[in-house]
Amino acid sequence: MSSSSRHILTAPAWPYANGPRHIGHVSGFALPADMFSRYQRMAGNEVLMVSGTDEHGTPIQVQADKEGVTARELADRYNGVIAEDLHGLGMTYDLFTRTTTLNHYAIVQEIFKGLYDNGYIFPTTTMGAISPSTGRTLPDRYIEGTCPICGYDGARGDQCDNCGNQLDPVDLINPVSRINGEKPKFVETEHFMLDLPAFTDVLGRYLRGKQSGSLAWRPNVVKFALNLLDDIQPRAISRDIDWGVPIPLDGWRENPAKKLYVWFDAVVGYLSASVEWAKRSGDPDAWRAWWQDPDALSYYFMGKDNIVFHAEIWPAMLLGYSGRGDKGGEPGSLGALNTPTEVVSSEYLTMEGRKFSSSRQVVIYVKDFLERYDVDALRYYVAVAGPENNDTDFTWSEFVRRNNDELVAAWGNLVNRSVNMAAKNFGAIPEPGDLNDADRALMERSRNGFAAVGAELERSRFKNAITEALDVVRDANRYLSDQAPWKLKDDPARVQSILHTALQVVDDAKTLLTPFLPNSSQKVYELLGGEGEWSGMPRLETVSEEGGPDYRVLTGDYATAARWESTPIKPGVPLAKPTPLFKKLDASVVDEELARLEAE
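Each residue of the sequence shown is one higher than the last, beginning at 324 in the numbering used here.
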């Protein structure tokens, strides 16, 4: 690692293992995190990207009951489905694991004990929601009603999406179960609470520090998180359920019906996955460089429905475990832990004007999308038109337009025409002659793109970044049209200079677009004579854990050739006639997809 490089933790949200993921899901937590990580690796930083499937809680048990399988069998199935989806998207996880490992259980229980010992967890008697027909606990998110604060009809039992306030399901007006529509029964039950009010001061200082400066959060995220502090309440961290992480206290761990709440164990997953990665790397303490070095940076990627957990609750847990809450305390056995540098939250992606809904079949699953279209076409769409700062509507007409007018007509056209002309006229990358002002201006424009695009990627501004990269491509297309080398039959030296300049910019643009379009960038790398892997790709592996069953993980070796810099191309490298980088989509795709959506 160079002296100027940094340790950067990329933490994409944990997809819930109760079904396959759709493109609305991956537009928020997955693809932005991968674009960010690929850039940071290319820039020479030490990236650790970890996450996995979230596999505990009542929703898993409810779905398992519907399908007539055990909760573990359901989690096993969808862990595999989701891992394959993310592999197909080219997600460069150092480790994509799961929350049902013995390692995860141990780390979750350690965090609980550290918080408990420091006085930030306390027992209390609360009113819990029970399904009258099954006798099972209903999770807060599976209860809906009218918000007692703003009157919004459709508030969840844990939070109102309209006013953003934390709620308790017993306070909802006319609460009903989302599972079967029945009115829940509320009974007394003993649980543990996270004392969030004990973090009011330290969280306030932490969040106010994210309002400005070079590491400022997106305004919607920090404003939302600060507003939550106005009425912060203790939050339950245990539940009456038999599927989850046992509570690590005498008199509780032996109780099969009491487990830690799924949200508590899921956020600890970023840490437990880092520890698991370190063990598998051969250096069990390697995780500490990302979690304890004060110069290390950490970025958490998710949809906006997860802001409360990552911008408020997880920082409170880390501060409390480290003995830095308002009550003080001592760090647990893992030591003091870093809080998030930034919570990068996306807004919602809708589809043809409707909210994505698996139950209502308003959806297109990742697997189905990748069977019909190029993965880079989806990655491009999410980067340039995804829900980065505003709720965004995915439409098939816009997807086809972006693919055809931008990927095919701009980037694909530049690669095809420049490589094809050079291959046809010279059979290789030509030696440049004297460069004129137009040549030098384009190459300077291209070189400057690295600083411009990189600055946007540093701040997770993906739309700005890819727009800047495509502007370089468009400038190169205009340059070729203006210089018209096909007309200069009597001046081969000038043709050589033009095509050399164009190919240099193609090579630069390939690098600028790598975080977004790794598959097509690999093709361009090979077209220009590159050998081996340009930008790393993930692989699926089956691993073992002592005392537990084998399971599949997503991992990879990403120390490849890609570097965030302009590299001079080498004259004389043989060139062949290229094949198209992207498939042009027929207009009939729109009608076909809309018909499929209506049929489902």
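The beta carbon of each residue, even a glycine, is placed where N, CA and C say it ideally should be.
The structure presented is a predicted model; accordingly, all values stated were derived computationally and were not measured.
How would you label residue i, buried or exposed, when you count the other beta carbons within 10 angstroms and need 16 or more for buried?
{"i": "F749", "result": "buried"}
{"i": "K582", "result": "buried"}
{"i": "F445", "result": "exposed"}
{"i": "M324", "result": "At M324 the pLDDT is 43, less than 50, meaning the model places this residue with poor confidence; the figure from the coordinates comes in the next sentence. So M324 counts as exposed."}
{"i": "L811", "result": "exposed"}
{"i": "A918", "result": "exposed"}
{"i": "P901", "result": "buried"}
{"i": "Q384", "result": "buried"}
{"i": "K932", "result": "Given a span of 324 to 923 for the chain in the structure shown, any question on residue 932 remains unanswerable."}
{"i": "Q845", "result": "buried"}
{"i": "V598", "result": "buried"}
{"i": "D357", "result": "buried"}
{"i": "C483", "result": "buried"}
{"i": "W613", "result": "buried"}
{"i": "L660", "result": "buried"}
{"i": "T837", "result": "buried"}
{"i": "E729", "result": "buried"}
{"i": "K533", "result": "buried"}
{"i": "G488", "result": "It is worth fixing the name first, because residue 488 is Asn in this sequence and not Gly. Classification of N488: buried, given that the 10 Å Cβ count is 16 or more."}
How big is the Cα-Cα spacing for residue i and residue j?
{"i": "T422", "j": "Y593", "result": "10 Å"}
{"i": "G871", "j": "L657", "result": "23 Å"}
{"i": "K546", "j": "D830", "result": "41 Å"}
{"i": "S290", "j": "A478", "result": "Nothing can be reported for residue 290: it is not among the residues displayed for the chain, which extend from 324 to 923."}
{"i": "S668", "j": "V544", "result": "7 Å"}
{"i": "A832", "j": "G852", "result": "16 Å"}
{"i": "S741", "j": "Q806", "result": "12 Å"}
{"i": "P343", "j": "L425", "result": "24 Å"}
{"i": "I821", "j": "A609", "result": "49 Å"}
{"i": "F315", "j": "E653", "result": "The question about residue 315 has no answer here: the residues shown for the chain are numbered 324 through 923."}
{"i": "R784", "j": "L332", "result": "18 Å"}
{"i": "R611", "j": "I630", "result": "25 Å"}
{"i": "R329", "j": "V370", "result": "8 Å"}
{"i": "A366", "j": "R763", "result": "25 Å"}
{"i": "R400", "j": "R531", "result": "42 Å"}
{"i": "W857", "j": "T715", "result": "32 Å"}
{"i": "Y622", "j": "Y671", "result": "19 Å"}
{"i": "Y443", "j": "T523", "result": "12 Å"}
{"i": "A548", "j": "F632", "result": "10 Å"}
Could you give the residue range of the beta strand (DSSP E) that holds residue i?
{"i": "D873", "result": "G871 to T878"}
{"i": "I383", "result": "Unbroken run through I383 is the alpha helix (DSSP H), T381 to E390; no beta strand (DSSP E)."}
{"i": "T376", "result": "E369 to T376"}
{"i": "T673", "result": "L672 to M674"}
{"i": "I331", "result": "H330 to P335"}
{"i": "E868", "result": "R862 to E868"}
{"i": "F624", "result": "L620 to G626"}
{"i": "S669", "result": "E665 to S669"}
What is the residue span of the alpha helix (DSSP H) that residue i lies within?
{"i": "F359", "result": "L354 to M365"}
{"i": "F419", "result": "Where F419 is concerned, there is no enclosing alpha helix (DSSP H), although the beta strand (DSSP E) it sits in stretches over L418 to R421."}
{"i": "P638", "result": "W637 to Y644"}
{"i": "L780", "result": "D760 to E781"}
{"i": "K602", "result": "V585 to S604"}
{"i": "K690", "result": "V689 to R695"}
{"i": "R886", "result": "Segment: none, R886 is in no alpha helix (DSSP H) and carries neither H nor E."}
{"i": "Y339", "result": "Note, Y339: premise wrong, no alpha helix (DSSP H); not H, not E."}
{"i": "W614", "result": "R611 to W614"}
{"i": "L920", "result": "S911 to A922"}
{"i": "N402", "result": "A394 to G411"}
{"i": "V349", "result": "I346 to V349"}
Measure how close the beta-carbons of residue i and residue j come, nearest whole angstrom, since I'm counting them as under 8 Å.
{"i": "V964", "j": "I434", "result": "Look at the range of the chain in this structure, 324 to 923, and you will see that residue 964 is not part of it."}
{"i": "M625", "j": "A336", "result": "4 Å"}
{"i": "T469", "j": "L495", "result": "7 Å"}
{"i": "N848", "j": "T415", "result": "At residue 848 the sequence reads Tyr, which differs from the Asn that was named. Not confirmed; about 16 Å, so no contact."}
{"i": "L693", "j": "G411", "result": "5 Å"}
{"i": "V738", "j": "R768", "result": "Contact flag wrong, Cβ pair sits at about 18 Å."}
{"i": "Y529", "j": "T664", "result": "Y529 to T664, Cβ: 11 Å. No contact."}
{"i": "W887", "j": "G777", "result": "6 Å"}
{"i": "A286", "j": "L418", "result": "Absent from the model: residue 286. The displayed extent of the chain is 324 to 923, so no value can be given."}
Segments of 4+ residues assigned as alpha helix (DSSP H) that fall wholly inside the stretch 514 to 578: 523 to 531 and 542 to 551
As an exercise, report each continuous beta strand (DSSP E) stretch of at least 3 residues that is fully enclosed by the stretch 438 to 509, in chain order. 444 to 453, 466 to 469, 476 to 479 and 496 to 500
Output the residue ranges of the beta strand (DSSP E) runs that lie fully inside the stretch 705 to 755 and measure 3 residues or longer, sorted by chain position. Here the runs fully enclosed are 715 to 717.
For the stretch 803 to 871, which segments carrying the beta strand (DSSP E) assignment without a break, of at least 3 residues, lie completely within its bounds, in sequence order? Here the runs fully enclosed are 862 to 868.
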